[in-house]
Amino acid sequence: MALKMTSVVMQMAIPTKLANFVHNSDNNKSLKLVRNVSTTCTSAATPRLRLPVCCSSSSSSSSQLPTIERRSGNYSPSRWDVDFIQSLNSDYQEERHTRRASELITQVKMLMEKETTDPIRQLELIDDLQRLGLSDHFQNEFKEILNTIYLDNKYYNINIMREESRDLYSTALAFRLLREHGFQVAQEVFECFKNEEGDFKASLIDDTRGLLQLYEASFLFKEGENTLEIAREFTTKILQEKLKGDEIDDNLLSSIRYSLEIPNYWSVVRPNVSVWIDEYRKRSDMNPVVLELAILDANIVQAQLQLELKESLRWWRNTCFVEKLPFARDRLIESYFWSTGMVEPRQHANARIIMAKVIALITVMDDIYDVYGTLEELEQFTEAFRRWDVSSIDQLPTYMQLCFLAINNFVDDTAYNVLKESGVNVMTYLRKSWVDQAENYLMESKWYYSGHKPSLEEYLENSWISVSGPCVLTHEFFGVTDSLAKDTLDSLYEYHDIVRWSSYLLRLADDLGTSVEEVSRGDVPKSIQCYMHDNDASEEEARQHIKGLIREMWKKMNVERVSEDSPFCRDFIRCCEDLGRMAQFMYHYGDGHGTQHPKIHQQIAACLFQPFA
Numbered sequence: 001m002a003l004k005m006t007s008v009v010m011q012m013a014i015p016t017k018l019a020n021f022v023h024n025s026d027n028n029k030s031l032k033l034v035r036n037v038s039t040t041c042t043s044a045a046t047p048r049l050r051l052p053v054c055c056s057s058s059s060s061s062s063s064q065l066p067t068i069e070r071r072s073g074n075y076s077p078s079r080w081d082v083d084f085i086q087s088l089n090s091d092y093q094e095e096r097h098t099r100r101a102s103e104l105i106t107q108v109k110m111l112m113e114k115e116t117t118d119p120i121r122q123l124e125l126i127d128d129l130q131r132l133g134l135s136d137h138f139q140n141e142f143k144e145i146l147n148t149i150y151l152d153n154k155y156y157n158i159n160i161m162r163e164e165s166r167d168l169y170s171t172a173l174a175f176r177l178l179r180e181h182g183f184q185v186a187q188e189v190f191e192c193f194k195n196e197e198g199d200f201k202a203s204l205i206d207d208t209r210g211l212l213q214l215y216e217a218s219f220l221f222k223e224g225e226n227t228l229e230i231a232r233e234f235t236t237k238i239l240q241e242k243l244k245g246d247e248i249d250d251n252l253l254s255s256i257r258y259s260l261e262i263p264n265y266w267s268v269v270r271p272n273v274s275v276w277i278d279e280y281r282k283r284s285d286m287n288p289v290v291l292e293l294a295i296l297d298a299n300i301v302q303a304q305l306q307l308e309l310k311e312s313l314r315w316w317r318n319t320c321f322v323e324k325l326p327f328a329r330d331r332l333i334e335s336y337f338w339s340t341g342m343v344e345p346r347q348h349a350n351a352r353i354i355m356a357k358v359i360a361l362i363t364v365m366d367d368i369y370d371v372y373g374t375l376e377e378l379e380q381f382t383e384a385f386r387r388w389d390v391s392s393i394d395q396l397p398t399y400m401q402l403c404f405l406a407i408n409n410f411v412d413d414t415a416y417n418v419l420k421e422s423g424v425n426v427m428t429y430l431r432k433s434w435v436d437q438a439e440n441y442l443m444e445s446k447w448y449y450s451g452h453k454p455s456l457e458e459y460l461e462n463s464w465i466s467v468s469g470p471c472v473l474t475h476e477f478f479g480v481t482d483s484l485a486k487d488t489l490d491s492l493y494e495y496h497d498i499v500r501w502s503s504y505l506l507r508l509a510d511d512l513g514t515s516v517e518e519v520s521r522g523d524v525p526k527s528i529q530c531y532m533h534d535n536d537a538s539e540e541e542a543r544q545h546i547k548g549l550i551r552e553m554w555k556k557m558n559v560e561r562v563s564e565d566s567p568f569c570r571d572f573i574r575c576c577e578d579l580g581r582m583a584q585f586m587y588h589y590g591d592g593h594g595t596q597h598p599k600i601h602q603q604i605a606a607c608l609f610q611p612f613a
């Protein structure tokens, strides 16, 4: 049910929110999270704000202030019990578990060595290990195997490619994995599967496994690669038809159904690990050593993620936003969940915590601009970001002062830590990302108050920044990167193309999942509504157009991710890719961040709280 925008008369003093409710996880009936929202700030540490902070409201002062009519987003409070989460104590960080994991890793490496005579089996094993979230342990082995296959097999190596008969399944599997890992493999490897008219041969229809691999491979397309575009359309149509039949075994049918929803290349790893473990367990070719390692490693990683989440929650509680800014969404846990899909290397714990904080702060800032603030206040708020002078924010309402100072303290802490570790002052880059965020938010607020309906082009030119991609990735860069060369920092400052395409993916996926609810709350038209208005189109036509734009953005991303001229390290490039993937994951079923879609809620519980077995 869509949330309706309401107008409410509120005092300038911030009221205190009272809420009591129970959350029952659908996946684990014994996991009951009962949340009691206190009327006072109970954090042990004093918030690092430069204003006195008192989390209880003042009724005496509020009666003397003029009333201002404000909108309300009618957002629900957080469904999570923070005290329960803080009480979690996993034993999977103990040495006995890490020792067993090391033993299993060694056994899997031996298994990979035994398969040297069967390159396709090696590729299948790589594919399985990646989906199960285990690739960090085997990067050297992956590189060696893929390099050997690329050099030894004439139909993968672009320099010695020849027309020879080969099967569709192995060709598509190798093409996909080699391209994923940066090898230059031409789309012409699929020419032998096409007829004289340039279409894929009808005889391929019976090769279901091969068609599925061709479908997956097609999403590694780049601009101008028509063969892969034809392959995507051809396989999509046939696989959709096969779902209606009963001649396919259940495991393959499940794989087809999932891939048609979200292709493997567009899927995030860590948030889906529980799904892949369950799927792998059912397979007839399941290897018990790989399965044991996948389950054990998932529990070890989950224990680490819980520690990071607890630290993030302590910081969030210290801001007192839940008590002082009750109009804003309390989404720290959802914010942290984004980081699990974007920062996979387990050594980047600090980067995940940074991301949780920046997304949580942006969520509050978004609610100020989209819902609560008046236009006059928002103009003053934006000017405060432009000036970035904490001594001159007294003219702002208290709720804006709290938000600004929290962002200021976060930026100060982040810049200090980078300076301490790298000797480089990055304050300029961090502040710029927030100024750009504020200015683009303000533009959308002006559209709302003036009733302006932007064209799709005008909307996207502003909203790829307002969706927060550049701000998030700027902070994330300093969490995963050690080398801070000037040319790299300059590229970050100017929002390099890979940041731009990643942000477009976030924007478009967000609009597909949230536009109906956001417009019903009184927000500005989103990309779907802009296209409908520009072209007198139906909503379904607009949605199909936006999905087409997402494919085009991925084509651009697929060029940038392997560019030899990229100034960025591999970990940051992967963060940019995974922001697009995580966006499509979070908004696939609706609004997984703002309105806490039940499907995403279940997957958060599976990833962060429910033990793997």
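Using UniProt numbering, the first residue of the sequence shown is number 1, and each one after it goes up by one.
We put the CB at the ideal spot given by N, CA and C, even for glycine.
Beta-bridge partners assigned by DSSP to Phe-200: Lys-194.
Taken through DSSP and simplified to helix, strand or coil, Arg-179 comes out as helix. DSSP places Glu-69 in the strand class (E or B) of the three-state scheme. In its chain, beyond the 5 residues on either side, Asn-462, Ser-466 have a beta carbon closer than 8 Å to the beta carbon of Met-443.
Gly-580 carries a helical assignment under DSSP once its states are collapsed to helix, strand and coil. In the three-state reduction of the DSSP assignment, Gln-184 falls in the coil class, being assigned neither a helical nor a strand state. Leu-129 is the residue among Ser-566, Asp-136, Leu-129, Asn-535 whose C-alpha sits nearest the C-alpha of Pro-288.
DSSP places Asn-558 in the uninterrupted alpha helix (DSSP H) bounded by 539-560. Judged by DSSP in its simplified three-state form, Ser-102 adopts helix. Within the segment 115-141, there are no complete beta strand (DSSP E) runs of at least 3 residues. Between Ala-202 and Ser-218, the gap from beta carbon to beta carbon reaches 8 Å or more. Around Thr-514, the same chain offers Asp-591 as residues with beta carbons nearer than 6 Å, after the five sequence neighbours per side are excluded. Glu-334 is the residue among Leu-473, Ser-527, Glu-334 whose C-alpha sits nearest the C-alpha of Val-82.
Restricting attention to Gln-240, Lys-242, Ile-205, Glu-191, the CA atom closest to the CA of Glu-225 is found in Glu-191. Apart from the 5 residues on each side of it in sequence, Leu-239 sits with its Cβ closer than 7 Å to the Cβ of Leu-211, Leu-212, Tyr-215, Ile-256, Leu-260 in its chain, given in chain order.
Secondary structure note for Ile-407: its alpha helix (DSSP H) is the uninterrupted segment 398-422. In the displayed model, Tyr-587 falls within coil according to three-state DSSP, outside both helix and strand. In the DSSP annotation of this structure, the continuous segment of the alpha helix (DSSP H) that includes Glu-476 starts and ends at 469-480. Leaving aside the five residues that flank Ile-149 on each side, the residues in its chain whose CB is nearer than 6 Å to its CB run, in chain order, Pro-119. Contact between the segment 396-408 and the segment 313-325 is established, with three or more Cβ pairs separated by less than 8 Å. The alpha carbon of Leu-579 has as its nearest neighbour, out of Val-435, Tyr-448, Val-269, the alpha carbon of Val-269. By alpha-carbon distance to Ser-422, the top candidate from Thr-382, Tyr-459, Phe-478 is Phe-478. Here the alpha carbons of Gly-469 and Arg-352 stand approximately 15 Å from one another.
Closest in C-alpha terms to Arg-99, from the list Thr-481, Glu-376, His-593, Asp-297, comes Asp-297. Around the Cβ of Met-342, a 10 Å sphere holds 16 or more other Cβ atoms; the residue is buried. Annotation: Ser-391 is outside any alpha helix (DSSP H) and is labelled neither H nor E by DSSP. The Cβ-Cβ distance between Tyr-169 and Arg-209 falls below 8 Å. In the structure shown, Ala-613 adopts coil according to DSSP, grouped into three states.
For Gln-437, the CB contacts under 6 Å within the same chain, skipping 5 residues up- and downstream, are Cys-471 in chain order.
Excluding residues up to 5 positions away in sequence, Arg-270, Pro-271, Val-273, Ser-274, Gln-302, Leu-305, Phe-337, Thr-340 lie with their Cβ nearer than 8 Å to the Cβ of Cys-607 in the same chain. In this structure Gln-122 touches Glu-115 by the C-beta definition: roughly 5 Å separates them, less than 8 Å. Fewer than three beta-carbon pairs drawn from the segment 383-396 and the segment 73-90 are found closer than 8 Å, and the two stretches are therefore not classed as touching.
Judged by DSSP in its simplified three-state form, Arg-431 adopts helix. Runs of alpha helix (DSSP H) with 4 or more residues, each lying fully within the segment 241-270, are found at 250-261, listed in chain order. In the three-state scheme derived from DSSP, where H, G and I count as helix and E and B as strand, Gln-529 is classed as helix.
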